[in-house]
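Q:
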Amino acid sequence: MVNMNRKNLNMEDILRLTNIIKEELQDDIGEYYSARITGSTLSGETLSFLKHFLQDYQPEHILEFGCGLSTILISDIIHTREKCSFVSVDNVETFINITKKELRYPEDVRFVYAPIRVSWVDYCPFVTYSDRFLDAIQGDGPVDLVLIDGPYGRIFSRDAPLFLISHLLRENSAVMLDDSNRSREQEALALWKKQFGDAIEVLEIPGFHKGLAIILIRKSLPPISFNTAYRLKRLYNACSSLRNNITYTKAINDMNENETDNR
Ligand SMILES: C[S@@+](CC[C@H](N)C(=O)[O-])C[C@H]1O[C@@H](n2cnc3c(N)ncnc32)[C@H](O)[C@@H]1O
Numbered sequence: 006m007v008n009m010n011r012k013n014l015n016m017e018d019i020l021r022l023t024n025i026i027k028e029e030l031q032d033d034i035g036e037y038y039s040a041r042i043t044g045s046t047l048s049g050e051t052l053s054f055l056k057h058f059l060q061d062y063q064p065e066h067i068l069e070f071g072c073g074l075s076t077i078l079i080s081d082i083i084h085t086r087e088k089c090s091f092v093s094v095d096n097v098e099t100f101i102n103i104t105k106k107e108l109r110y111p112e113d114v115r116f117v118y119a120p121i122r123v124s125w126v127d128y129c130p131f132v133t134y135s136d137r138f139l140d141a142i143q144g145d146g147p148v149d150l151v152l153i154d155g156p157y158g159r160i161f162s163r164d165a166p167l168f169l170i171s172h173l174l175r176e177n178s179a180v181m182l183d184d185s186n187r188s189r190e191q192e193a194l195a196l197w198k199k200q201f202g203d204a205i206e207v208l209e210i211p212g213f214h215k216g217l218a219i220i221l222i223r224k225s226l227p228p229i230s231f232n233t234a235y236r237l238k239r240l241y242n243a244c245s246s247l248r249n250n251i252t253y254t255k256a257i258n259d260m261n262e263n264e265t266d267n268r
């Protein structure tokens, strides 16, 4: 297996690992996970990649946006480790509760419920997880691995989480952005590249059908700065995202009510 020393994590190692997954290991995650893959979860190849990445790279502090099957896989893998913290952030309590029930090792995961709110970054509005999740991870130290698989990608952009935690990343931290083939995620990657320049290295893994991008942090991330035109554009987007969030929240509440009625 590829040896991914955390100190020397590089794109060549990651590419080699993804090639092994594509050519040899497609279904090595096992029946439990395979049976639970849906359009809303990580794909089989991404779960496999995550599994091997966790085993080889051994991050000590993991932060996830968007709980579900990924949370179960991460907690299963880190369970035997002495030194590993894992925080999972989600904006829907129902999905946190569903995930909690499925966990074999609930004590290994700290869930943070962070409802969708407007967060301001350099006077620019982002409709994303409430930044209260930062209070919950304060004092944990730098984050080695971040998985960004939320909020719900059909409605929300996923660019803001990286801005909100940029001070917690250090040289050699890795960020995974799922669904990177979609246009909103492509916009997020372009924005991160523009803001962070050579402080990050981005690899879009070829051949993963939903897309997976790996962002390696090469040095401390520079301050974030937006111009007025961009702030205005995001203000306009924020209004429509907040409207969509009302519809989304109602759909989730209806789903909960139907489930309660059916009991
Ligand atoms: C892509 S999902 C996260 C999936 C998770 N990482 C996994 O591997 O299962 C992103 C977010 O969408 C929400 N979500 C999950 N399933 C959903 C569904 N069927 N309909 C609407 N929202 C959903 C949850 O809040 C979740 O955090």
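Residues in the sequence shown are numbered from 6 upward in steps of one, following this note's numbering. Beta carbons: idealized from backbone N, C-alpha and C, even for Gly.
To test your reading of the DSSP string, which unbroken beta strand (DSSP E) runs of 3 or more residues are found completely within the segment 20-50?
A: none
Q: Would you mind working out which of D18, E50, S39 and L182 sits nearest E69, comparing C-alpha positions?
A: Within the sequence shown, residue 69 is the residue found at index 64, counting from 1. Selected option, being the one with the closest Cα: L182.
Q: So if I measure from each beta-carbon to every heavy atom of ligand 1 and keep distances below 5 Å, which residues remain?
A: S45, T46, L47, G71, G73, L74, S75, D95, V97, F100, D154, G155 and Y157
Q: Between D140 and ligand 2, is the CB less than 7 Å from at least one heavy atom?
A: Among the ligands present in this structure, namely ligand 1, ligand 2 is not found.
Q: When DSSP builds the beta bridges, which residues end up paired with T133?
A: Residue mapping note: residue 133 aligns to position 128 of the sequence shown, counting from 1. Answer by DSSP bridge pairing, in chain order: R122.
Q: Name the DSSP bridge partner or partners of E107?
A: Within the sequence shown, numbered from 1, the residue matching residue 107 stands at position 102. Answer by DSSP bridge pairing: none, since E107 is not bridged.
Q: Measure the beta-carbon distance from T85 to F213 and round it to whole angstroms, keeping in mind my assumption that it falls under 8 Å.
A: Translated into the one-based positions of the sequence shown, residue 85 becomes position 80. Translated into the one-based positions of the sequence shown, residue 213 becomes position 208. About 27 Å separates the two Cβ atoms, so there is no contact after all.
Q: In three-state DSSP terms, what is H172?
A: To locate residue 172, count along the sequence shown from 1; it is residue 167. If DSSP states are grouped into helix, strand and coil, H172 belongs with the helices.
Q: Can you tell me where the beta strand (DSSP E) with I222 in it begins and where it stops?
A: Numbered from 1 along the sequence shown, position 217 holds the residue referred to as residue 222. Per DSSP, the continuous beta strand (DSSP E) segment holding I222 begins and ends at L217 to I222.
Q: Could you tell me the alpha carbon to alpha carbon distance between I82 and T233, rounded to whole angstroms?
A: Sequence index remark: in the sequence shown, residue 82 carries index 77 (1-based). Sequence index remark: in the sequence shown, residue 233 carries index 228 (1-based). Cα to Cα, the separation comes out at about 45 Å.
Q: Do I257 and V97 count as a contact pair if the criterion is CB distance below 8 Å?
A: Stepping through the sequence shown from its first residue, residue 97 is reached at position 92. Stepping through the sequence shown from its first residue, residue 257 is reached at position 252. For V97 and I257, yes; Cβs fall inside 8 Å.
Q: Relative to the C-alpha of S90, which residue among R236, D164, L150 and R223 is closest?
A: What you label residue 90 is simply residue 85 of the sequence shown in a count that begins at 1. Among R236, D164, L150 and R223, the Cα nearest to that of S90 belongs to L150.
Q: According to the neighbour-count rule (16 or more other Cβ atoms, all chains shown, within 10 Å of its Cβ), is G71 buried or exposed?
A: Within the sequence shown, numbered from 1, the residue matching residue 71 stands at position 66. Looking at its Cβ environment, which holds 16 or more other Cβ atoms inside 10 Å, G71 is buried.
Q: Here's the rule I'm using: 16 or more other beta-carbon atoms within 10 Å means buried, otherwise exposed. How should G202 be labelled?
A: As a position in the sequence shown, residue 202 is number 197, starting the count at 1. Result: exposed.
Q: Can you check which of these residues, L208, I103 and A204, is closest to R21 by C-alpha distance?
A: The residue given as residue 21 occupies position 16 in the sequence shown. Considering only alpha carbons, the answer is L208.
Q: Answer yes or no: do Y128 and D95 have a C-beta to C-beta separation smaller than 8 Å?
A: Your numbering for residue 128 matches position 123 in the sequence shown. Your numbering for residue 95 matches position 90 in the sequence shown. Pairing Y128 with D95 gives a Cβ-Cβ distance that is not under 8 Å.
Q: Can you look up S246 in the DSSP assignment and give me helix, strand or coil?
A: Mapped onto the sequence shown, residue 246 falls at position 241. It is helical.
Q: Short check: CB of S93 to CB of L47, under 8 Å?
A: Residue mapping note: residue 93 aligns to position 88 of the sequence shown, counting from 1. Residue mapping note: residue 47 aligns to position 42 of the sequence shown, counting from 1. The answer is no: Cβ separation not under 8 Å.
Q: Looking at the unbroken beta strand (DSSP E) that takes in F70, where does it start and where does it end?
A: Along the sequence shown, read from residue 1 onward, the residue named residue 70 stands at position 65. Counting along the chain, the beta strand (DSSP E) containing F70 begins and ends at H66 to F70.
Q: In three-state DSSP terms, what is N177?
A: Here residue 177 corresponds to residue number 172 of the sequence shown, with the count starting at 1. Secondary structure at N177: strand, using DSSP grouped into helix, strand and coil.
Q: Following the continuous alpha helix (DSSP H) through T91, name the residue where it begins and the one where it ends.
A: Residue numbering aside, residue 91 sits at position 86 when the sequence shown is read from its first letter. Reading off the sequence, residue 91 comes out as Phe, not Thr. From DSSP, F91 is part of no alpha helix (DSSP H) but of the beta strand (DSSP E) over S90 to D95.
Q: For S230, is the classification buried or exposed, using 16 other Cβ atoms within 10 angstroms of its Cβ as the cut-off for buried?
A: To locate residue 230, count along the sequence shown from 1; it is residue 225. Around the beta-carbon of S230, fewer than 16 other beta-carbon atoms lie within 10 Å, marking it exposed.
Q: Here's the rule: buried if 16 or more other CB atoms are within 10 angstroms of the residue's CB, otherwise exposed. What is T23?
A: One-based indexing of the sequence shown puts residue 23 at position 18. Label assigned to T23: buried.
Q: Looking at the structure shown, is R236 part of a helix, part of a strand, or coil, going by DSSP?
A: The residue you call residue 236 lines up with position 231 of the sequence shown. If DSSP states are grouped into helix, strand and coil, R236 belongs with the helices.
Q: I believe I210 touches W197 by the beta-carbon criterion, under 8 Å. Please report the beta-carbon distance rounded to the nearest angstrom.
A: Your numbering for residue 210 matches position 205 in the sequence shown. Your numbering for residue 197 matches position 192 in the sequence shown. Between I210 and W197 the beta-carbon gap is near 16 Å, outside 8 Å, which marks them as no contact.
Q: To which residues of the same chain is S171 closer than 6 Å at the C-beta, ignoring the five residues directly before and after it?
A: Stepping through the sequence shown from its first residue, residue 171 is reached at position 166. Within the same chain, S171 has close Cβ partners L226.
Q: Taking the alpha carbon of I219 as the point to measure from, which residue in S162, Y235 and I153 has its own alpha carbon closest?
A: Within the sequence shown, numbered from 1, the residue matching residue 219 stands at position 214. The residue with the shortest Cα to Cα distance from I219 is I153.
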